[in-house]
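Here's the structure we're looking at; comments come further down.
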Amino acid sequence: MLSSHLNLSSSSSSSSAIALLPRAFSLSTSPNAPAAKLSLPFPISRAVASPWISVRYSPPRSTFLRVRVMAELVQDKESTESVAAAAAAASGSGNENEKLNAEAKQHSRIFVDVRSEEELLSVIAKEKDEGRLPPNVAAGMEELFHNYKNAVFQSGIPHPDEIVLSNMSVALDRIFLDVEDPFIFPPYHKAAREPFDYYMFGQNYIRPLIDFRNSYVGNIPIFDEIREKLQEGHNVVLISNHQTEADPAVIALLLEGTHSLIAENMTYVAGDRVVTDPLCKPFSLGRNLICVYSKKHMFDVPELVEMKRRSNTRSLKEMALLLRGGSHLLWIAPSGGRDRPNPLTGEWYPAPFDSAVVDNMRRLVEHSGVPGHLYPLALLCYDIMPPPRQVEKEIGERRVITFHGVGLSVGPEIKLNEVTSTCNDSEEAKEAYARALYESITAQYNILKSAIHDKKGLEASTAEVSFSQPWNDEN
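Encoded structure:
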């Protein structure tokens with residue numbers, strides 16, 4: 000549910016990991032136990048691994064995906080402390096990891112320990128009544144639970160009540176933890192994978208909302224090309240439209256089986272709203288983020304404008320440092336926010352790009368001293384978690400959630416000299432380059448609409464966009 004709806008303005012540039020499996024299933028983690036076999040209507044990542052548990056998944060075309068499921072996301076106290084210490088030493092992100100670890104040791108487990116929907120809702124009410132949950136956060140938690148429940152029940156997944164309770168109890172536990180001791184995101188945040196794996200938490204939460212039978216990935220060979228460039232030490236920037244708070248999870252879920260390097264290592268340029276909204280923050284913790292203030296919200300509070308500009312400058316410096324190191328994959332939405340439907344027709348379309356943002360990214364890549372590439376990426380996923388129809392100033396929007404197919408497509412790299420050779424000056428070239436990226440994304444988006452909304456499926460493929468469903472491939 001992480002949103003990365005941001006924009007770099009030129010003015011600123013100076014429970015358990017088996018959360019998807021019903022509790023009714025008893026899976027042994029003993030090395031001598033026989034493998035458990037289940038039939039699930041959605042894929043489970045090979046990255047979710049334990050050496051002793053295997054699951055068999057039956058996708059629509061009767062091919063079988065044998066995968067392993069990792070042990071627990073929420074580890075016991077001794078394991079948590081030892082793993083966190085090792086992670087801090089290895090990653091150099093000791094301050095963040097130490098804070099998360101300290102929070103976990105003092106945190107109550109009242110949500111994780113619930114055993115029914117009624118008990119979960121009563122815990123929300125009790126914590127609100129006793130003053131430990133702000134009323135607006137409590138109301139958001141309850142609404143989120145009901146909307147998530149309705150969406151998962153639409154999916155046809157076996158035992159949806161068990162899946163909802165499992166995923167929501169962990170989600171509310173993480174939200175409550177941050178209410179007790181709010182986490183402050185630095186300009187550059189690395190995904191928190193230990194002591195609690197926030198990345199897999201986000202994956203497991205969003206997975207049941209995606210109708211994989213009606214979801215598609217466009218141009219797998221170009222994703223192969225991007226992976227190769229990253230492995231060669233090059234930088235890659237994905238210039239993208241932005242649809243929902245769940246965009247990062249959608250991208251990762253569609254690519255995790257074939258392109259785990261891309262799925263797990265992407266860094267998202269993310270807005271302040273997703274690192275301040277209590278219902279968003281746990282999902283944001285699981286992603287690599289460059290945190291910036293969007294131009295759309297720069298002047299919401301006039302007294303904070305200068306602080307926001309200074310913060311954006313620090314974030315730009317962090318981004319430049321990352322790119323100098325090479326092998327970095329960045330995602331950015333130059334629109335500065337999520338797509339919205341046309342107010343007259345109701346049709347959704349990629350929001351227009353700010354050419355200054357595109358130009359800033361291009362120059363950062365060019366000046367990094369490392370080969371870099373910009374690719375246009377199209378996302379269609381608004382159905383599962385559409386934003387409010389209009390941009391809101393206040394934190395705490397309503398979360399509408401549904402079960403639906405989604406799509407992702409990447410186009411060929413677009414090079415500046417190939418689209419600006421006839422331009423008369425740098426300003427014209429800047430506009431032409433942003434326009435070329437936007438037009439590629441819009442064209443791919445329309446083909447995704449044909450596959451998903453017009454129900455044409457794989458037959459919607461064209462010479463420009465070749466669709467596949469890599470989760471249906473035999474492993």
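Numbering follows numbering that gives the first Met the number 0, with no gaps: position 90 of the sequence shown is 89. A virtual CB, placed ideally from N, CA and C, is assigned to each residue, including glycine.
If you draw a straight line from the Cα of L436 to the Cα of I123, it is about 46 Å long. Close CB contacts of F222 within its chain, under the 8 Å cut and outside five residues either way in sequence, are with V216, L254, T257, H258, I261, V409 (chain order). By the CB criterion at 7 Å, R398 and L132 fall outside the cutoff.
When the alpha-carbon of Q443 is set against those of R362, S334, R192, P349, the nearest one is in P349. Across the structure, E365 and D172 are spaced so that their CA atoms are roughly 43 Å apart.
With 16 or more other Cβ atoms from the protein chains shown falling within 10 Å of its own Cβ, S165 counts as buried. DSSP places G406 in the strand class (E or B) of the three-state scheme. In this structure, G270 is the residue among A319, E141, G270 with its C-alpha nearest to the C-alpha of H241. Nearest in C-alpha terms to E430, of all of L407, D472, P333, is P333.
In this structure, DSSP gives T312 a helical state, which the three-state scheme calls helix. Looking from the CA of G336, the closest CA among D353, E412, S310, N359 belongs to D353. If the five residues before and after Y147 are omitted, its C-beta is found closer than 7 Å to the C-beta atoms of V163, M167, I400, all from its own chain and listed in chain order. Annotation note: the stretch 105-175 contains the following uninterrupted alpha helix (DSSP H) runs of length 4 or greater, listed N- to C-terminal: 116-128, 134-153. Here V291 is bridged, per DSSP, to G270.
For the pair of segments examined, the stretch 452-459 was found not to touch the stretch 191-204: the number of CB pairs separated by less than 8 Å stays below three.
If you compare the alpha carbons of D338, L363, Y432 with that of L321, the shortest gap goes to L363.
Fewer than three pairs of CB atoms, one per stretch, sit closer than 8 Å, so the stretch 223-234 makes no contact with the stretch 184-193. It is roughly 17 Å from the alpha-carbon of L328 to the alpha-carbon of K414. Between L237 and L376, the C-beta gap is smaller than 7 Å, which places the two residues in contact.
Annotation for P370: H233 place their beta carbon closer than 6 Å to its own, counting only its chain and skipping 5 residues before and after. Nearest to S460 by alpha-carbon distance, out of S214, D160, N359, is S214. Following the DSSP letters along the chain, one finds S239 inside the beta strand (DSSP E) bounded by residues 234-239.
In the structure shown, the three-state DSSP call for V357 is helix. The beta carbon of I205 sits closer than 6 Å to the beta carbons of A245, A248 from its chain, once the five residues preceding and following it are set aside; these are given in chain order. The Cβ-Cβ distance between I331 and L208 does not fall below 7 Å. Note on geometry: alpha-carbon atoms of T344 and D128 lie some 44 Å from one another. K316 is not a Cβ neighbour of Y292, given a cutoff of 7 Å. The C-alpha of H188 lies about 34 Å from the C-alpha of D160.
Taking D177 as the centre and dropping the five residues before and after it, the same chain places the C-beta of P277, K280, P281 closer than 7 Å to its C-beta, in chain order. Judged by DSSP secondary structure, G371 falls outside any alpha helix (DSSP H) and instead within the beta strand (DSSP E) spanning 371-379.
The three-state reading of DSSP puts L328 in strand, counting E and B together.
Looking at the DSSP output, S467 sits in a beta bridge with V216.
When secondary structure is reduced to three states using DSSP, P342 falls in the coil class, being assigned neither helix nor strand. Per DSSP, reduced to three states, the secondary structure at Y187 is strand. Straight through space, the alpha carbons of F466 and Y267 are spaced by roughly 25 Å. Residue pairing by DSSP places I209 opposite H403 in a beta bridge.
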